[in-house]
Every structure is written in structure tokens, then in C-alpha cells.
Amino acid sequence: MEIVFRALVIFAFLWMITRSVGRSTLGELSTFELLLYVTMGDLVQQAVTQQDTSVTGAVLAVGTFALATVSLSWVQWRFPGSRSVITGRAVFIIRGSEPDAKAMKRHRVAEADLLMAMREQGIRHTADVEHVILEPNGRLSFFLHEEATGSSGAPEQPQNG
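What follows is the structure, given as C-alpha cells:
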């Protein structure tokens, strides 16, 4: 039973760490973040199992992590308001063609990364972009001016900065 308790404590700790590290820009891990997560995985294994190498200990630890993950998914589904706490909210990086420097700094979105993502989406000119939203998964969504797309309307849901 101690392994289950340790796994739940470590799961909560890892959730807080990954939320505080922030969204990976463009949904990709940097080399440093990858090393951080691999190292954390090894340290977590040691902390959860306390060198218990039995199959039962491993099954309990993995099962606890899986149950905690499924439970968080269920909580998000059952209580939609909890989603912003558990996974975060979408945030405007550019609103009305004006970059939000505070939001870019807070979420560590470099201008070079923003320009690269625009090129990857086939956007040639920054003047064509009306809104850019940093999604909870770290990806950027682009909304072009009505003249560029032929559609109208602002995207729904993101919060300010």
C-alpha cells in the first residue's frame, strides 16, 4: 500500500512540475526538457518503488499512475471548469494584429519561434495575421485577416495574456 501512496504523491508532484515548466513552444520538447523528463522518470522510479524490484511493486506503481491519469481525464470531462486548472487555457499571443509582449514573455514564446511556425503554416507576411493563440498543448493557432481568408469572426475561448 505504501507504493500506491508514494505513486500518488509523485504523480501530483510531477503534474505540478510539468505545469510550472510550461508549455513547450510549438508542442515540441527541447533537448534540455527531454533530458529533464528522462532523468525525472528514473528518479521517480526509485522514489516510488524504493528499490522494490518485484513485479507486484512495478504493477502497483504503473497501475496507480494509469488510474491517476484516467481520473484526471474523467474530472476534466465531468467538470469542464477544471480543465483550465488541469491542462491550462488557450492564450492570445497576437490579438488584432498586435503582439502581446507580456503573454509572449510569460509563456516563453520567442519571436523566432513564432515566425518559424508562421512559415510552416504557409503564412508569408506577418501583416496577414490577425490572431495567434497559444493552445494548452503548446501549439500555435493562426487566424488570418478576413481579406486573406474570406471568412470573418474572432476565435473563441482564449484568455487575455
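First residue of the sequence shown: -15, per this note's numbering; consecutive thereafter. For every residue, glycine included, the Cβ atom is placed at its ideal position computed from N, Cα and C. As the structure is a computational prediction, the values presented were derived from the model and not from experiment.
Sequence-distant Cβ neighbours of Q105 in its own chain, meaning closer than 7 Å and more than five residues away, are F126.
Take R67, set aside five residues on each side of it, and the residues of its chain with a beta-carbon closer than 6 Å to its own are Q60, in chain order. For a cut-off of 8 Å, the C-beta gap from D112 to L128 is around 5 Å, short enough to register as a contact. In the three-state reduction of the DSSP assignment, I107 falls in the coil class, being assigned neither a helical nor a strand state.
The residue from E119, E130 and F(-11) with its alpha-carbon nearest to that of A52 is F(-11). Assigned with DSSP and collapsed to three states, V93 falls in coil, not helix or strand. By the criterion of at least three beta-carbon pairs nearer than 8 Å, the region 92 to 101 is not in contact with the region 41 to 51. Distance between T110 and F49, taken at the CA atoms: about 43 Å. In the DSSP annotation of this structure, the continuous segment of the alpha helix (DSSP H) that includes E(-14) starts and ends at E(-14) to V5.
Assignment of P64 by DSSP, reduced to helix, strand and coil, places it in the helix class.
Inclusion of I77 and V116 in the CB contact set at 7 Å is warranted, their separation being smaller than that value.
Taking C-alpha positions only, P83 is separated from M102 by approximately 14 Å.
Beta-carbon to beta-carbon, I(-6) and V32 are separated by about 5 Å, close enough to satisfy the 8 Å threshold. Taking C-beta separations shorter than 7 Å and ignoring five residues to either side along the sequence, the partners of L56 in its chain run I70, following chain order.
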